[in-house]
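Enquirer: The structure follows.
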């Protein structure tokens with residue numbers, strides 16, 4: 001059965017040093033007993049602290065080594081790979097270096113008739129003690145329960161990963177997703193994330209079922225392993241996490257569209273994988289025969305998938321929208337601390353709200369992050385923008401490295417590993433085939449519709465970058481109660497190790513082998529961190545839009561910068577994207593932020609009153625000048641692009657645009673979103689020069 | 001007895017939505033049981049989420065109201081008071097509004113012979129389940145255990161306050177303690193914090209013992225209440241927490257020395273109170289007669305006090321120093337994210353290290369914060385400085401408001417309140433007398449030694465500002481197992497409410513009634529937050545030194561700015577401070593940071609090699625120019641003050657100081673710390689003009 005509260009969190013060292021001593025006078029008979037219990041509790045508390053300290057020192061060591069690596073520009077091993085290696089070393093030490101001291105926890109058997117209660121009251125020589133249910137123990141494991149204390153302490157409750165460590169990672173992914181290339185490739189990303197993950201899950205599941213059948217034939221399987229288990233394995237292992245690849249892409253400044261495809265896919269397929277695994281778990285055919293296909297159960301599972309996914313999506317979007325409205329209609333931005341705290345609390349409440357409603361918190365948090373980045377971020381004060389970014393960056397960094405350290409540690413400290421060579425080899429083959437079977441066919445289909453094709457080299461790179469990370473681990477460790485799940489967990493761990501080390505290390509050679517262009521006039525990491533500070537100080541954040549590169553469509557199609565490009569750009573924007581863009585630009589942005597065209601011009605006239613209430617006064621002001629602050633220009637560059645057409649405006653002129661735009665008021669409000677899109681590329685170039693100007697007169701900006 | 005793991009953290013919603021369902025096929029007989037357990041677990045998880053969500057919505061509401069109050073400049077109610085009111089309202093709703101649904105947790109009795117085990121294995125129809133000890137329940141309370149589920153959910157484990165919420169609050173207090181006025185008043189602050197808290201504890205303890213005796217006489221006391229309980233109450237309630245007063249001081253810009261005295265006292269007496277309460281708990285006379293004075297036990301308690309305090313102090317200082325050394329000798333400042341993460345982890349490890357060694361984590365964290373602010377902060381990159389400050393500011397804000405919300409909630413949801421009017425009235429009188437009995441005599445004694453006396457008005461203000469807050473609450477809720485402790489907890493809660501609302505609200509009238517000067521040319525809060533951003537953007541942080549005011553010694557003594565002042569300033573620096581200053585300036589600063597004189601000049605010549613290794617190259621460079629970055633000039637203004645003597649240097653000349661200081665190299669290294677102190681005041685004025693200049697040419701600075 002599922003074990004809800006397997007181990008208590010070492011994060012809560014919960015025992016007073018000497019508490020209870022005051023009451024020793026109540027009766028000297030019980031005093032000695034109490035003292036003994038206190039001693040044990042104190043000892044347990046100390047061990048909790050030590051085990052958590054172990055992780056913190058591991059992380060500290062990792063940070064220092066990361067610095068050394070970055071300092072020396074070592075690229076063959078990413079920080080996450082490093083964290084795993086340190087974890088491995090500490091795991092070996094804990095496993096073989098510490099004495100197996102146990103004996104405090106003496107098991108006590110006492111027969112009960114019915115099903116287990118969640119609370120037990122035990123009468124010990126007249127005193128009542130309360131006990132809570134930790135979970136079931138399979139009869140063979142009773143003696144394993146009281147193994148090495150230290151090993152038990154460092155083995156966290158699996159749900160910690162899912163409820164404490166994943167949310168900041170996923171939220172940060174969503175919050176940093178505000179890349180124009182993401183939205184430009186939205187259709188392809190959705191296809192890879194949804195269709196791709198589903199295809200991968202089913203192919204891996206079926207292949208693994210074959211492997212399991214084979215194992216049964218040769219007698220390698222000692223316990224049950226159902227088809228649903230295989231499918232679950234497919235769902236677990238289908239979530240890609242190209243954190244290593246993306247870090248290297250970032251460092252080498254590889255193609256931005258490829259980056260967007262990989263990043264978008266990995267962020268969204270995490271959500272898909274979670275919901276998919278929940279749905280597979282919900283697939284419970286009625287009756288005894290669990291192998292027969294049960295249409296009702298299947299459709300129920302599909303229903304669960306759709307229900308959980310859309311519910312979580314709604315939760316995330318709704319809290320994001322509420323936060324945007326609150327930050328828009330209060331003057332909270334005068335108090336950055338309050339604003340940041342509110343932002344943090346609202347984002348966290350998404351998770352809780354989704355969990356309370358029976359949806360998936362992690363998925364809700366992802367969409368909340370995307371919404372916050374897209375709307376709320378624009379309403380925040382400059383200080384809060386950097387604060388929230390930095391806060392979640394630190395949380396993300398710590399959580400991610402913690403998970404990878406733990407993975408290394410778990411290889412030796414987890415006490416129920418089942419390594420089956422056949423299963424492991426089968427799994428490696430299956431994930432390879434599963435990835436191939438969705439990347440190439442989907443790319444082919446997408447290329448039918450895409451103007452700027454996904455080239456073969458890109459497809460190979462996407463195929464290669466499908467490494468597995470934190471999400472696969474968190475899904476696998478969630479339930480390790482049965483034989484099949486333990487084997488799946490051990491295999492997942494090995495797959496993560498292999499892909500992070502080998503694939504992560506091979507990214508740089510692979511990029512050059514595939515002739516993918518790198519280093520497009522983009523500052524290096526050290527320059528970035530410097531320039532970020534510089535930008536930061538003048539109130540512009542380079543994270544908001546990707547570093548200036550040559551237009552990536554060019555790279556994809558090998559075209560020169562000619563006048564044809566604009567038409568092409570117009571046509572190549574997918575209808576889905578255009579539909580969303582115009583809705584977002586005309587209605588959502590004006591309602592939720594201080595930017596976009598006034599609602600009074602976009603809504604039908606009978607909504608006049610509502611439109612006036614919802615439109616912030618700044619919108620009218622904004623119309624009069626270039627909105628320099630909001631550099632998310634692909635979705636929000638009404639002014640910029642309109643002025644682009646006016647060739648009399650010099651790129652670095654700060655007074656020119658003002659006069660030009662005010663005279664163009666009517667034309668602007670009529671300009672459709674498609675027109676805006678056409679001039680997108682040119683606007684990007686202007687924006688950059690514009691920013692260069694601002695760096696020279698930073699104080700003028702703040703006025 | 002002490003109850004180590006009373007309730008599990010709702011922060012860990014630990015149950016899978018539908019986990020375990022996969023294994024329904026293992027046997028249809030157990031399937032129904034499992035399903036039922038899962039349902040319960042799911043329900044419990046949902047309630048956990050809902051209860052945490054309640055707090056988050058409470059905090060969100062508080063934040064929005066705080067904004068409204070700040071916006072409208074309402075000062076009669078501080079945010080913490082507000083958080084308590086919202087907490088109260090929700091508490092009432094939960095208490096009287098929710099149905100008392102329980103019954104899931106069916107208690108089960110089962111006799112055991114010996115003392116309680118920490119783990120139970122229970123055999124339920126052939127399956128084994130593991131249970132852990134939650135704690136003892138007094139026989140009369142067995143039926144209370146299974147009361148309203150929701151009320152139980154919102155009642156956190158008391159140790160959460162101590163181990164999760166207090167550390168960020170206390171660390172932030174230490175980290176923001178880098179005020180020159182704090183170090184200038186160090187002696188007085190130490191006296192108030194140590195002697196004052198001890199005096200207050202014993203006076204309150206003895207008075208309350210009288211009250212308890214009285215209650216026994218009139219038959220108001222229904223259970224045991226020992227002398228040590230009274231002393232513990234004294235220790236709990238002696239920790240002042242003038243967060244409200246200080247917020248108002250900050251807003252009104254009241255006298256900085258008074259601010260330093262109150263802030264320093266409240267920060268340090270938190271540490272004293274914790275250790276004092278641990279020591280009192282450790283006071284266990286041998287034998288049956290617990291009322292007789294036992295010299296051995298008393299000295300043991302004193303030993304425990306000294307041991308825990310010095311141990312925790314050392315832990316904090318050592319990790320602070322290690323962090324300073326790591327940040328000094330690595331070039332980690334190129335990567336602010338790594339630096340911030342390292343800083344966070346090292347500071348957290350202090351807490352765990354202290355707990356693992358049996359010391360008090362909260363106290364260690366306080367001294368770690370002070371050390372980090374004093375040394376490590378100087379080694380951090382500009383971005384990390386703001387990042388760490390902001391990170392801990394947000395954590396502090398959230399934790400503090402959470403605690404105060406919880407206090408409001410606890411008044412109605414805590415299920416073991418014992419309100420005794422006699423005890424409560426007695427407690428109010430006792431804390432009044434206890435504070436009076438240490439503020440006035442100690443001030444009298446300190447005034448004998450102080451040049452700038454603590455005036456009567458200041459003493460009255462200090463007397464008035466002794467309100468109780470988070471620390472008293474956390475200490476009181478730690479142990480509510482016995483009758484006496486429950487009464488103490490209820491009384492503490494009421495005292496916190498009263499002092500935060502009444503005293504907090506009365507601060508502004510009190511200040512004007514006592515004629516304490518407010519508003520000394522200091523920007524208002526809104527201006528501050530604006531100017532902070534401005535300062536921030538040019539790399540200077542106004543938090544580092546207090547806003548420029550007229551010299552506060554003037555306020556204390558009513559003197560005009562004449563030439564006598566310098567001599568006076570020299571004399572009024574206490575010997576303790578001067579000793580520390582010269583040691584810190586000559587040895588610690590150069591070893592741990594990039595500032596201060598080179599060790600090669602301060603250490604004896606036979607340490608030459610060591611000195612060269614430890615002195616960073618920057619120190620020699622620093623000598624050549626004004627160290628503008630480090631504006632903690634009271635302890636670190638060797639250069640600034642030396643150049644002050646040179647009247648040819650204009651205040652805003654940026655090239656002048658360079659030539660002047662280089663020619664003064666020999667003189668500077670010989671200049672004693674006392675010389676530096678003399679020119680302190682003048683240097684402060686220069687610093688400010690200097691900064692004004694920098695604002696005009698911000699980009700030049702970053703070079």
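Residue numbers (full-length UniProt numbering), protein chains in the order written: chain A, 1 to 703; chain B, 1 to 703. Cβ atoms here follow ideal geometry from the backbone N, Cα and C, with glycine treated the same way.
Quick one: give me the first and last residue of the alpha helix (DSSP H) that residue 209 of chain B is part of.
Expert: Against the second chain, residue 209 of chain B aligns to sequence position 209. Run containing residue 209 of chain B: 197-218, per the alpha helix (DSSP H) assignment.
Enquirer: How about residue 362 of chain A: is its C-beta nearer than 8 Å to some C-beta of chain B?
Expert: Taking the first chain and counting its residues from 1, the one referred to as residue 362 of chain A is at position 362. For residue 362 of chain A, the answer is no, since every Cβ of chain B falls outside 8 Å of its Cβ.
Enquirer: List the residues that DSSP assigns as beta-bridge partners of residue 240 of chain A.
Expert: Locating residue 240 of chain A in the first chain gives position 240, counting from the first residue. According to DSSP, which records beta bridges pairwise, residue 240 of chain A is partnered with A:468.
Enquirer: Mapping DSSP to helix, strand and coil, what is residue 506 of chain A?
Expert: As a first step, residue 506 of chain A is located in the first chain; it is residue number 506 there, counting from the start. Reduced to three states, the DSSP call for residue 506 of chain A is coil.
Enquirer: Just how far apart, CA to CA, sit residue 281 of chain B and residue 225 of chain B?
Expert: Translated into the one-based positions of the second chain, residue 281 of chain B becomes position 281. Translated into the one-based positions of the second chain, residue 225 of chain B becomes position 225. Near 14 Å, if we compare the C-alpha coordinates of residue 225 of chain B and residue 281 of chain B.
Enquirer: Using the beta-carbon count (16 or more within 10 Å), is residue 368 of chain B buried or exposed?
Expert: The residue given as residue 368 of chain B occupies position 368 in the second chain. Residue 368 of chain B should be labelled buried.
Enquirer: The stretch 400-417 of chain A: which residues have C-beta closer than 9 Å to a C-beta of chain B, in chain order?
Expert: The residues in question are 401.
Enquirer: Please go through the same chain and pick out, in chain order, the residues whose beta-carbon is closer than 6 Å to the beta-carbon of residue 395 of chain B, but skip the five residues on each side of it.
Expert: One-based indexing of the second chain puts residue 395 of chain B at position 395. Cβ within range, chain order: 168.
Enquirer: Thinking C-alpha only, which one of A:357, A:371 and A:261 is nearest residue 318 of chain A?
Expert: On the first chain, position 318 is the one that residue 318 of chain A refers to. Checking every option, the nearest Cα to that of residue 318 of chain A belongs to A:371.
Enquirer: Can you tell me whether DSSP reads residue 273 of chain B as helix, strand or coil?
Expert: Counting from one through the second chain, the residue named residue 273 of chain B turns up at place 273. Residue state, collapsed to three classes: helix.
Enquirer: Pick from B:278, B:92 and B:314: whose alpha carbon is nearest that of residue 298 of chain B?
Expert: By one-based count along the second chain, residue 298 of chain B stands at place 298. Nearest of B:278, B:92 and B:314 to residue 298 of chain B, Cα basis: B:278.
Enquirer: What number of angstroms, rounded off, separates the C-alpha of residue 545 of chain B from the C-alpha of residue 180 of chain B?
Expert: Residue numbering aside, residue 545 of chain B sits at position 545 when the second chain is read from its first letter. Residue numbering aside, residue 180 of chain B sits at position 180 when the second chain is read from its first letter. Low per-residue confidence applies at residue 545 of chain B: pLDDT is 39, beneath 50, and the placement is therefore not dependable, though the value from the model is reported in the following sentence. Going by the C-alpha atoms only, they are around 7 Å apart.
Enquirer: Name the chain B residues whose beta carbon is nearer than 9 Å to that of residue 390 of chain A?
Expert: Against the first chain, residue 390 of chain A aligns to sequence position 390. The contacting residues are 336, 337, 340, 383, 386, 387, 390 and 391.
Enquirer: Look at residue 365 of chain B and residue 344 of chain B and say whether their C-beta atoms are less than 8 Å apart.
Expert: As a first step, residue 365 of chain B is located in the second chain; it is residue number 365 there, counting from the start. As a first step, residue 344 of chain B is located in the second chain; it is residue number 344 there, counting from the start. In this structure, residue 344 of chain B does not lie closer than 8 Å to residue 365 of chain B by Cβ.
Enquirer: So, at 8 Å on beta carbons, what are the nonlocal neighbours of residue 590 of chain B in its own chain, with the 5 sequence-adjacent residues on each side left out?
Expert: The sequence position of residue 590 of chain B within the second chain is 590, counting from 1. The answer, listed in chain order, is 596, 597, 598, 599, 602, 614, 615 and 619.
Enquirer: Could you name the residues of chain B that residue 397 of chain A contacts, counting a contact when the two beta carbons are closer than 9 Å?
Expert: Looking up residue 397 of chain A in the first chain gives position 397. Neighbours of residue 397 of chain A on chain B, chain order: 337, 338, 340 and 341.
Enquirer: For chain B, is any of its Cβ atoms less than 8 Å away from the one on residue 43 of chain A?
Expert: Start at 1 with the first residue of the first chain, and residue 43 of chain A comes out as number 43. For residue 43 of chain A, the answer is no, since every Cβ of chain B falls outside 8 Å of its Cβ.
Enquirer: Who are the neighbours of residue 251 of chain B on chain A, taking C-beta pairs under 7 Å?
Expert: By 1-based counting over the second chain, the position of residue 251 of chain B is 251. Neighbours of residue 251 of chain B on chain A: none; closest Cβ ~12 Å, over 7 Å.
Enquirer: Out of curiosity, what's the CA-to-CA distance linking residue 342 of chain B and residue 63 of chain A?
Expert: The count along the second chain starts at 1 and reaches residue 342 of chain B at position 342. The count along the first chain starts at 1 and reaches residue 63 of chain A at position 63. Answer to the nearest angstrom: the Cα atoms are 7 Å apart.
Enquirer: In angstroms with no decimal places, state the Cα-to-Cα distance between residue 377 of chain B and residue 332 of chain B.
Expert: Stepping through the second chain from its first residue, residue 377 of chain B is reached at position 377. Stepping through the second chain from its first residue, residue 332 of chain B is reached at position 332. C-alpha separation (whole angstroms): 13 Å.
Enquirer: Whole angstroms are fine: how far does the CA of residue 57 of chain B sit from the CA of residue 440 of chain B?
Expert: As a first step, residue 440 of chain B must be located in the second chain, where it is residue number 440. As a first step, residue 57 of chain B must be located in the second chain, where it is residue number 57. Their Cα atoms are separated by approximately 43 Å.
Enquirer: For the candidate residues A:355, A:196 and A:407, whose alpha-carbon lies nearest to that of residue 44 of chain B?
Expert: Along the second chain, read from residue 1 onward, the residue named residue 44 of chain B stands at position 44. Of the candidates A:355, A:196 and A:407, the one whose C-alpha sits nearest the C-alpha of residue 44 of chain B is A:355.
Enquirer: Give a yes or no on whether the minimum CB-CB distance between residue 237 of chain A and chain B is below 8 Å.
Expert: Against the first chain, residue 237 of chain A aligns to sequence position 237. Not an interface residue.
Enquirer: Determine the burial state of residue 222 of chain B: buried for a count of at least 16 other Cβ atoms within 10 Å of its Cβ, exposed for fewer.
Expert: For this step, residue 222 of chain B is matched to residue 222 along the second chain. Residue 222 of chain B should be labelled exposed.
Enquirer: Can we say the stretch 73-84 of chain A touches the stretch 396-405 of chain A, given the rule of at least three CB pairs closer than 8 Å?
Expert: Yes, the stretch 73-84 of chain A is in contact with the stretch 396-405 of chain A.
Enquirer: Are the C-beta of residue 551 of chain B and some C-beta of chain A separated by less than 8 Å?
Expert: In the second chain, residue 551 of chain B corresponds to position 551, counting from 1. Per-residue confidence for residue 551 of chain B stands at a pLDDT of 36, beneath the threshold of 50, marking its modelled position as unreliable; no derived number is given.
Enquirer: Going by beta-carbon coordinates alone, are residue 199 of chain B and residue 460 of chain B separated by less than 8 Å?
Expert: Numbered from 1 along the second chain, position 199 holds the residue referred to as residue 199 of chain B. Numbered from 1 along the second chain, position 460 holds the residue referred to as residue 460 of chain B. Not a contact, by the Cβ cut-off of 8 Å.
Enquirer: If the criterion is Cβ atoms closer than 8 Å, does the pair residue 481 of chain B and residue 492 of chain B meet it?
Expert: Stepping through the second chain from its first residue, residue 481 of chain B is reached at position 481. Stepping through the second chain from its first residue, residue 492 of chain B is reached at position 492. No, they are not a contact pair.
Enquirer: Only counting the same chain, and skipping five residues up and downstream in sequence, which positions put a Cβ closer than 6 Å to that of residue 267 of chain A?
Expert: Within the first chain, residue 267 of chain A is the residue found at index 267, counting from 1. Closer than 6 Å at the Cβ level, and outside the excluded window around residue 267 of chain A, lie 173.
Enquirer: At which residues does the alpha helix (DSSP H) containing residue 369 of chain B begin and terminate?
Expert: As a first step, residue 369 of chain B is located in the second chain; it is residue number 369 there, counting from the start. First-last of the alpha helix (DSSP H) with residue 369 of chain B: 361-371.
Enquirer: Can you tell me whether residue 604 of chain A is buried or exposed? The criterion is at least 16 other CB atoms within 10 Å of its CB, across all chains shown.
Expert: By 1-based counting over the first chain, the position of residue 604 of chain A is 604. The residue in question, residue 604 of chain A, is exposed, as its Cβ has fewer than 16 Cβ neighbours within 10 Å.
Enquirer: Just the Cα atoms here: how many angstroms apart are residue 409 of chain A and residue 497 of chain B?
Expert: Looking up residue 409 of chain A in the first chain gives position 409. Looking up residue 497 of chain B in the second chain gives position 497. Cα to Cα, residue 409 of chain A sits roughly 47 Å from residue 497 of chain B.
Enquirer: Closest by CA to residue 275 of chain A, which one among A:336, A:311 and A:424?
Expert: Counting from 1 along the first chain, the entry for residue 275 of chain A is found at position 275. Of the candidates A:336, A:311 and A:424, the one whose C-alpha sits nearest the C-alpha of residue 275 of chain A is A:311.
Enquirer: With a cut-off of 8 Å, does the C-beta of residue 349 of chain A fall near any C-beta of chain B?
Expert: Along the first chain, read from residue 1 onward, the residue named residue 349 of chain A stands at position 349. It does; some Cβ of chain B falls within 8 Å.
Enquirer: In its own chain, which residues sit with a C-beta less than 8 Å from the C-beta of residue 508 of chain A, not counting the 5 before and 5 after it?
Expert: The residue given as residue 508 of chain A occupies position 508 in the first chain. 75, 76, 248 and 252, listed in sequence order.
Enquirer: Ignoring anything shorter than 4 residues, give me the alpha helix (DSSP H) runs that lie fully in the stretch 582-611 of chain A, in order along the chain.
Expert: Listed in chain order, the complete alpha helix (DSSP H) runs (minimum 4 residues) inside the stretch 582-611 of chain A are 589-592 and 599-602.
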